[in-house]
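Going by the numbering used here, the sequence shown opens with residue 986, and the numbers climb by one from there.
Below you'll find the structure, written out as structure tokens, and then a few comments.
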Amino acid sequence: MKAIWNNTIIAESNDTKVVENNHYFPQESIKSEYFKPSDTTSRCPWKGEASYYNVEVDGEINKDSAWYYPQTSHAAKPIKNYVAFWKEIKVVE
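If you want it as structure tokens, here you go:
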């Protein structure tokens, strides 16, 4: 799977995990130069607290467009530190 934004592949993996129709990419599969930590957090009742990244490509910023769970509930352990995307980031095969 590939995550693409602004015509740039920002993550690529053959080992994504699908949860609630989102592909979660292993942390090591994201191209870290495009990811900037965000102060934003949110809470999922069954997964835990999510942290976010801003994605920046060619000087354009897609705020809070990637998220991950640094600490998960027991049920969500398989996606701990895996990264998922939204806000115009396309995930394709």
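Glycine included, C-beta positions come from ideal geometry on N, C-alpha and C.
Contact check for residue 989 against residue 1046 fails: the beta carbons are separated by 8 Å or more. Inter-residue distance for residue 999 and residue 1032 is about 23 Å (C-alpha atoms, whole angstroms). The continuous beta strand (DSSP E) containing residue 1008 extends over residues 1007-1009. Residue environment for residue 1008: buried (at least 16 other C-beta atoms within 10 angstroms of its C-beta). Around the beta carbon of residue 1040, 16 or more other beta carbons sit within 10 angstroms, so the residue counts as buried.
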